[in-house]
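**Student:**
Residue numbers (our numbering): 351 to 472.
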């Protein structure tokens, strides 16, 4: 008898919300996602564990840890947005700006516009 099983991890995007970033002070989007491990038999997930909730800002790529209660509420559809007290900064961005149109990474903070496509850097 052949038995195929495995353990893996997965990242699932939950929602996005507009914010005023506490790390850089600019307007941007906060992408909330869950990371979890799961056990599968014949490529069918059987159970999940080690759920962790994170948020990443689009303006400066700062990563936040989301409180477990707030993350579960968003995942179940009970909450539609996060409050600032639900977030804890894990890693601050490096001051680099990323163009939202072409993806160019501007190392210099003095750039107001993307040198590649001309779009505004926020």
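Glycine included, every Cβ here is placed at the ideal spot set by N, Cα and C.
#1: Counting only runs that start and end within the stretch 405–435, where is the alpha helix (DSSP H) found for 4 or more residues in a row?
#2: Please classify residue 396: does DSSP put it in a helix, a strand, or coil?
#3: Using only the alpha-carbon positions, how far apart do residue 442 and residue 431 sit?
#4: Are the CB atoms of residue 379 and residue 394 nearer to each other than 9 Å?
#5: Please tell me whether residue 439 and residue 365 are closer than 9 Å, where the distance is taken between their beta carbons.
#6: So, with DSSP's three-state summary, where would you put residue 362?
#7: Which residues bound the beta strand (DSSP E) around residue 385?
#8: Counting C-beta neighbours from all protein chains within 10 Å, is the total for residue 375 16 or more, i.e. buried, or is it exposed?
#9: Going by the DSSP bridge assignment, what does residue 402 pair with across the sheet?
**Tutor:** Once the coordinates are examined:
#1: Those alpha helix (DSSP H) runs which fall completely within the stretch 405–435 and span 4+ residues are 418–426.
#2: strand
#3: Going from the Cα of residue 442 to the Cα of residue 431 covers about 21 Å.
#4: no
#5: no
#6: strand
#7: 377–391
#8: exposed
#9: In the DSSP secondary-structure assignment, residue 402 is bridged to 385.
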